[in-house]
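Before any comments, here is the structure.
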Amino acid sequence: MDDVVTCPACHSETAPGARFCEACGHEVDPGMPVSPVPDTVDTASPLDSVRVAPPAPACAACGGVVAEDGYCQTCGTPAVKPRDHFREQPAPWVAGVCDRGIRHHRNEDAMALAADAVPASRALLVVCDGVSSSTDSDRASLAAARASREVLTGFRPRGAGTVAARVAATAGLLESAAAAANAAVVETTTAPRGENPAACTWVAAVLDAELLVVGWVGDSRAYWLPDAGAATALTVDDSWAAEQIARGVPRRDAEEGPQAHAITRWLGVDAPDPTPRHASRELEGPGWVLVCSDGLWNYCSEAEDLAALVRRCAAVRSPSLAPAGTAPGVTTPEPDRVPDPVADPGANAVADPLSLAEELVAWANAQGGHDNITVALARVGSP
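The opening residue of the sequence shown carries number 1 in the UniProt record's numbering; numbering runs sequentially from there.
Laid out in structure tokens, this is it:
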């Protein structure tokens, strides 16, 4: 009987030689096959050789027990797969949420975050959006995000240096990270070149104290949303819609057109140019760095509109949020209510980044959840 590989994240069995779990997308080491669990356990075996079954997961809708068939025994709601909704919070001031949304059958978005413990010191936020029409895009996006993070965490600038020198060094680092991400996508590709090989977008933000440098390929975005002052989209989409906007077509018309989500650059075997563009900004005052996929900005594209949405979501400040779209009682801000900081003191509230990311995902799902949704946030400065 062939050896099987068990995913270290969700404990599902995968095919021999597989690099990624088919259930949740987690990377699996093919060099560590696990023998099938015997019917009886040898009591003479050391304790660390005994495989203990993970506890039965709780239903996100009612808290009941999820049966082996993946459905709640109490209410019948299907269980949330780990890959469908996952969160990362490497430091209290940095967090992200990646969610399947409502309409798609799987989550092809991915993210990978890293941060120092000291607030507003150094953070890395990477978001990738798998191209739905390509093969294994869910695996490709996750591999790309994690490969990028590995490169970005492996280098730290030494010495103060000029801003220009720091930007140049970081831009070079982002190019290396994008190259690693592209190689990871190519490695996951199983389809022949002419049969929609794996592909994904890529955006990465490197925050180093007051300096923010971003790189991107495709239409995933990075924004700077200050508490006071003008909000800014730091990225310019590599897309048909962006080209139309550059020609003078109104943003709303271009982004709602039939080819609005046709991207002109991506990562993958058939990528025309995987070299990232980059932009930088010296940050002044407190605010939020937000990196997201189009599952969020589809519903709120303009930077100022997105900043207002973040203020509304921060004001909600729900103490406990369940995975978006899966549990009752998720507080969702009114989509058309713009807070008045004078009449509504909570309008300037600063939420925990993880709660805020969950709230933004919940809002996008409340608008229809037509795409996968990823939101990564870093809080800069105090309120």
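Don't be surprised by glycine CBs; every beta carbon is placed ideally from N, CA and C.
Q. Taking C-alpha atoms, which residue in L377, G285 and S293 lies nearest to P226?
A. Indexing the sequence shown from 1 puts residue 226 at position 226. P226 has its Cα closest to that of G285, out of L377, G285 and S293.
(Q) Could you check whether the stretch 145-152 touches the stretch 119-131, counting it as contact only if at least three pairs of C-beta atoms, one from each stretch, sit closer than 8 Å? (A) yes
Q) In the stretch 143-190, which residue ranges form an unbroken beta strand (DSSP E) of at least 3 residues, counting only runs that do not cross its ends? A) none
Q: Name the one or two DSSP bridge partners that P226 has.
A: Your numbering for residue 226 matches position 226 in the sequence shown. According to DSSP, P226 bridges with G287.
Q: Within 10 angstroms of the Cβ of H85, are there 16 or more other Cβ atoms? Answer buried if so, exposed if not.
A: Here residue 85 corresponds to residue number 85 of the sequence shown, with the count starting at 1. H85 is buried by the Cβ-count criterion.
Q. Would DSSP call L124 helix, strand or coil?
A. The residue labelled residue 124 in the question sits at position 124 within the sequence shown. It is a strand residue.
Q: Go ahead and label P272 buried or exposed: buried means 16 or more other beta carbons lie within 10 angstroms of its beta carbon, across all protein chains shown.
A: Translated into the one-based positions of the sequence shown, residue 272 becomes position 272. Exposed, since its Cβ has fewer than 16 Cβ neighbours within 10 Å.
**Q.** According to DSSP, residues forming a beta bridge with Y71
**A.** Position 71 of the sequence shown, counted from the first residue, corresponds to residue 71. DSSP lists P78 as partners of Y71.
Q. Measuring CA to CA, which of V217, T162, V380 and T232 is closest to L174?
A. One-based indexing of the sequence shown puts residue 174 at position 174. When only C-alpha atoms are compared, the closest one is V217.
Q. From what residue to what residue does the beta strand (DSSP E) around I373 run?
A. Within the sequence shown, residue 373 is the residue found at index 373, counting from 1. Its beta strand (DSSP E) spans residues I373 to V380.
Q. For A180, does the count of other Cβ atoms within 10 angstroms reach 16, so buried, or fall short, so exposed?
A. Numbered from 1 along the sequence shown, position 180 holds the residue referred to as residue 180. By the 10 Å Cβ count, A180 comes out buried.
Q | Distance between beta carbons of A364 and L283, contact taken as under 8 Å | A | Numbered from 1 along the sequence shown, position 283 holds the residue referred to as residue 283. Numbered from 1 along the sequence shown, position 364 holds the residue referred to as residue 364. With a Cβ gap of about 25 Å, L283 and A364 do not count as contacting.
Q. Where C59 and T77 are concerned, what is the direct C-alpha to C-alpha distance, given to the nearest angstrom?
A. Within the sequence shown, numbered from 1, the residue matching residue 59 stands at position 59. Within the sequence shown, numbered from 1, the residue matching residue 77 stands at position 77. Rounded to the nearest angstrom, the two C-alpha atoms are 7 Å apart.
**Q.** First through last residue of the beta strand (DSSP E) which encompasses Q244
**A.** Here residue 244 refers to the residue found at position 244 of the sequence shown. It is not in any beta strand (DSSP E) - Q244 instead sits in the alpha helix (DSSP H) that spans W240 to A246.
Q. Beta carbon of D203, beta carbon of T235: below 9 Å?
A. For this step, residue 203 is matched to residue 203 along the sequence shown. For this step, residue 235 is matched to residue 235 along the sequence shown. The displayed chain sequence assigns Val, not Asp, to residue 203. In this structure, T235 lies closer than 9 Å to V203 by Cβ.
**Q.** P335 burial status per 10 Å Cβ neighbour count (16 or more: buried)
**A.** Counting from 1 along the sequence shown, the entry for residue 335 is found at position 335. Only weak support exists for where P335 lies, its pLDDT of 36 falling under 50; the value from the coordinates is given anyway. Counting Cβ neighbours within 10 Å, P335 comes out exposed, since fewer than 16 surround it.
Q) Should S134 go down as buried or exposed, given a rule of 16 or more other Cβ atoms within 10 Å for buried? A) In the sequence shown, counting from the first residue as 1, residue 134 sits at position 134. Counting Cβ neighbours within 10 Å, S134 comes out buried, since at least 16 surround it.
Q: Identify the continuous alpha helix (DSSP H) that holds E256 and give its terminal residues.
A: Taking the first residue of the sequence shown as 1, we reach residue 256 at position 256. Segment: none, E256 is in no alpha helix (DSSP H) and carries neither H nor E.
Q: For the beta strand (DSSP E) containing V214, list its first residue and its last residue.
A: For the purposes of this step, residue 214 is identified with residue 214 of the sequence shown, where counting begins at 1. Its beta strand (DSSP E) spans residues L211 to V217.
Q. DSSP state of L207, grouped into three classes?
A. For the purposes of this step, residue 207 is taken as the residue at position 207 of the sequence shown. In the structure shown, L207 sits in a strand (DSSP, three-state: E or B).
Q. What did DSSP end up calling A308 once you bin it into helix, strand or coil?
A. Taking the sequence shown and counting its residues from 1, the one referred to as residue 308 is at position 308. Three-state result, A308: helix.
(Q) Can you give me the C-alpha to C-alpha distance between A222 and V214, rounded to a whole angstrom? (A) What you label residue 222 is simply residue 222 of the sequence shown in a count that begins at 1. What you label residue 214 is simply residue 214 of the sequence shown in a count that begins at 1. Whole-angstrom Cα-Cα distance: 7 Å.
Q.
I need the straight-line Cα distance from D136 to L207, nearest angstrom please.
A. Counting from one through the sequence shown, the residue named residue 136 turns up at place 136. Counting from one through the sequence shown, the residue named residue 207 turns up at place 207. Roughly 31 Å between the two C-alpha positions.
Q. DSSP state of G295, grouped into three classes?
A. Position 295 of the sequence shown holds residue 295. The answer is helix: DSSP assigns G295 an H, G or I state.
Q: Using 10 angstroms around the beta-carbon of A199, count the other beta-carbons present and answer buried if the total reaches 16, otherwise exposed.
A: If you number the sequence shown from 1, residue 199 lands on position 199. By the neighbour-count rule (16 or more Cβ atoms within 10 Å), A199 is buried.
Q) When the Cα atoms are used, what is the spatial distance from S382 to D253? A) For the purposes of this step, residue 382 is taken as residue 382 along the sequence shown, with counting starting at 1. For the purposes of this step, residue 253 is taken as residue 253 along the sequence shown, with counting starting at 1. Using only the alpha carbons, I get a separation of about 38 Å.
(Q) Let me confirm a value: V361 is counted as buried when at least 16 other C-beta atoms fall within 10 Å, else exposed. Which label applies? (A) For this step, residue 361 is matched to residue 361 along the sequence shown. The residue is buried, with at least 16 neighbouring Cβ atoms inside 10 Å.
(Q) Does the stretch 88-108 come into contact with the stretch 365-380, if we say contact requires no fewer than three beta-carbon pairs (one atom in each stretch) closer than 8 Å? (A) yes
Q) Based on Cα-Cα distance, which residue from E256, N196 and C62 lies nearest to C75? A) By one-based count along the sequence shown, residue 75 stands at place 75. Ranking the options by Cα distance to C75, first place goes to C62.
Q | Cα-Cα separation between A177 and C300, rounded to whole angstroms | A | Looking up residue 177 in the sequence shown gives position 177. Looking up residue 300 in the sequence shown gives position 300. About 28 Å.
Q.
Rounding to the nearest angstrom, what Cα-Cα distance links L113 and A91 in this structure?
A. In the sequence shown, residue 113 corresponds to position 113, counting from 1. In the sequence shown, residue 91 corresponds to position 91, counting from 1. C-alpha separation (whole angstroms): 9 Å.
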